[in-house]
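Chains as they are written, first to last, in the working numbering: chain A, 18 to 129; chain B, 1004 to 1117.
For each residue, glycine too, the CB sits at the ideal point set by N, CA and C.
To start, the structure itself, in structure tokens.
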Amino acid sequence: KQEVTQIPAALSVPEGENLVLNCSFTDSAIYNLQWFRQDPGKGLTSLLLIQSSQREQTSGRLNASLDKSSGRSTLYIAASQPGDSATYLCAVRDNYGQNFVFGPGTRLSVLP
Amino acid sequence: DAGITQSPRHKVTETGTPVTLRCHQTENHRYMYWYRQDPGHGLRLIHYSYGVKDTDKGEVSDGYSVSRSKTEDFLLTLESATSSQTSVYFCAISGGAGDHEKLFFGSGTQLSVL
Chain A
18 KQEVTQIPAA
28 LSVPEGENLV
38 LNCSFTDSAI
48 YNLQWFRQDP
58 GKGLTSLLLI
68 QSSQREQTSG
78 RLNASLDKSS
88 GRSTLYIAAS
98 QPGDSATYLC
108 AVRDNYGQNF
118 VFGPGTRLSV
128 LP
Chain B
1004 DAGITQSPRH
1014 KVTETGTPVT
1024 LRCHQTENHR
1034 YMYWYRQDPG
1044 HGLRLIHYSY
1054 GVKDTDKGEV
1064 SDGYSVSRSK
1074 TEDFLLTLES
1084 ATSSQTSVYF
1094 CAISGGAGDH
1104 EKLFFGSGTQ
1114 LSVL
């Protein structure tokens, strides 16, 4: 059974710092991996999708990498801003079906 | 934002009563999902649909049923609500190929079963 973990559970940084969020998964037979952002009381917003054949994806100040063999993905946020404060979740879709397994999330606070 | 509407946004009900949550999409996406989100458990898949009248169970399907009679609508029914079904319920959609595999979520339904 696929399990997804995220470290750290919470992170507080001053504005302007570059930061890295980590996602680990136990079964490397994944189809793709997505990173999401969730604001309090809201639904999830898809940030980046990485197919299993890709190594990274970039969108603006966000860069996500994937190392399938080691079961890891990282989300890099450059020049963090208070508006980046949210919970960030990763989810993997395995090769066996249409299910997406979510990690517990990292709660990020960017202080002005 | 992807065109996903969940209704109702909030509901309070009593144990033993039936409850139906609705998800409506305007994107013509093939796949639709129901998740629940709980502290300490994260997001867990209840049921999903891969086409009209085609559905399958997820990780936590006991006590829930679904129906999809049209591409745009996916209903989640709690036949007899229990307090353990108090949760935030999210509907999600995806197109199923390439970048369309991205999951798009609705705003959620906060359900309280007293």
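Using the Cα positions of P99/A and P25/A, report the straight-line distance between them to the nearest angstrom.
Using only the alpha carbons, I get a separation of about 18 angstroms.
Quick one: measure Cβ to Cβ for R1033/B and Y1053/B, integer angstroms, because I've assumed they're closer than 8 angstroms.
About 6 angstroms; that satisfies the 8 angstroms criterion.
L5/A touches chain B at which residues, Cβ-Cβ below 9 angstroms?
In the structure displayed, chain A extends from 18 to 129; residue 5/A sits before or after that span and is not available.
Could you name the residues of the same chain whose beta carbon sits closer than 6 angstroms to that of Y1036/B, not counting the 5 residues immediately before and after it, in chain order?
Y1051 and A1095.
What residues in its chain sit with their C-beta under 8 angstroms from that of E73/A, if we drop five residues either side in the sequence?
Cβ neighbours of E73/A beyond the five flanking positions: I67, N80, A81, S82 and L83.
Tell me whether the beta-carbon of L128/A lies closer than 8 angstroms to the beta-carbon of E32/A.
Cβ atoms of L128/A and E32/A: closer than 8 angstroms.
My assumption, with CB atoms under 8 angstroms, is that Q55/A sits in contact with L61/A. Please give the rounded CB distance.
Yes, Q55/A and L61/A are in contact; Cβ-Cβ is about 5 angstroms, under 8 angstroms.
In the structure shown, what three-state DSSP assignment does S1086/B receive?
In the structure shown, S1086/B sits in a helix (DSSP, three-state: H, G or I).
Please compile the residues from chain A whose C-beta is within a distance smaller than 9 angstroms of the C-beta of G1006/B.
Going along chain A, no residue has its Cβ under 9 angstroms from G1006/B, so there is no contact; the nearest lies around 13 angstroms.
Going by beta-carbon coordinates alone, are G88/A and C107/A separated by less than 8 angstroms?
Result no, Cβ atoms of G88/A and C107/A do not sit closer than 8 angstroms.
Output needed in chain order: residues of the region 1037-1048 of chain B with a Cβ under 7 angstroms from some Cβ in chain A.
Result list: G1045, L1046 and L1048.
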